[in-house]
Amino acid sequence: MKAHVYVTLKRTVLDAQGQTIQNALRKMQYQGVEEVRQGKYFQITLDTALSASAAGAEVERIAREVLTNPVIEEFSYRIEQ
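Take any residue in the sequence shown, note its place counting from 1, add 203, and you have its number in my numbering.
Written as structure tokens, this is what we have:
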């Protein structure tokens, strides 16, 4: 079982790196890009003995306590069997 965790800056936090990428794309004449937000991606391999609900609870705990700074970041995740 694998968990895919995505961590991004909260919408209220300035994303300077995302803005730099967006400006570079504009200068390179890419069309249709309205906004770029950057973040972090984590892939966590979980014990297959965990139930789906236990796996979700553990991934949320890991993301909340270890992978994110809750003041400026938020996370989402998905678990695949």
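Virtual Cβ for every residue (Gly too), placed ideally from N, Cα, C.
Source: prediction; values computed, not measured.
Check: With distances taken from CA atoms, which of I275, N226, V269 is nearest I247?; Outcome: V269
Check: Quick check on the burial criterion: 16 or more other C-beta atoms within 10 angstroms. Buried or exposed for T266?; Outcome: Rather than Thr, the amino acid found at residue 266 in this sequence is Ala. Buried.
Check: Apply the 10 Å Cβ neighbour rule to A260 and answer buried if 16 or more other Cβ atoms are within range, or exposed otherwise.; Outcome: exposed
Check: Should T211 be labelled buried (16 or more other beta-carbon atoms within 10 Å of its own) or exposed?; Outcome: buried
Check: Terminal residues of the continuous alpha helix (DSSP H) containing G235?; Outcome: Premise fails: G235 is in no alpha helix (DSSP H) and is neither H nor E.
Check: For A257 and H207, I'd like the C-alpha separation in whole angstroms.; Outcome: 15 Å
Check: Taking the alpha helix (DSSP H) that E261 belongs to, which residues open and close that run?; Outcome: 255-265
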